[in-house]
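Colleague:
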């Protein structure tokens, strides 16, 4: 949805991988858990941070905001 909004408004809206990774590390440090795994880990919906990086890059490429 956000990648589509980037295209629609011609504006970068998705966080960079660095921003997303830093946010995940911060909230896990505060006690957050992965919603799929049900445990505290550096992951998003069961995907490791490396996979999350690939997903973010693909979404950015779709909207041409790299």
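Residue numbers (our numbering): 17 to 82. Even for Gly, the Cβ is constructed at its ideal location relative to N, Cα and C. Computed from a predicted model, the values in this text were never measured in an experiment.
1. What residue range does the alpha helix (DSSP H) around residue 38 cover?
2. Go through its chain and collect everything with a Cβ distance to residue 60's Cβ below 6 Å, but skip five positions before and after it.
3. Give the single residue among 33, 20, 27, 22 whose Cα lies nearest to the Cα of residue 73.
4. Is the beta carbon of residue 58 sitting closer than 8 Å to the one on residue 40?
5. Put residue 79 into one of helix, strand or coil per three-state DSSP.
Modeller: Reading it off the structure:
1. First-last of the alpha helix (DSSP H) with residue 38: 33 to 45.
2. Non-local C-beta neighbours of residue 60 in its own chain, meaning closer than 6 Å and more than five positions away in sequence, comprise 68, ordered along the chain.
3. Residue 73 has its Cα closest to that of 33, out of 33, 20, 27, 22.
4. Yes, the Cβ-Cβ distance between residue 58 and residue 40 is below 8 Å.
5. It is helical.
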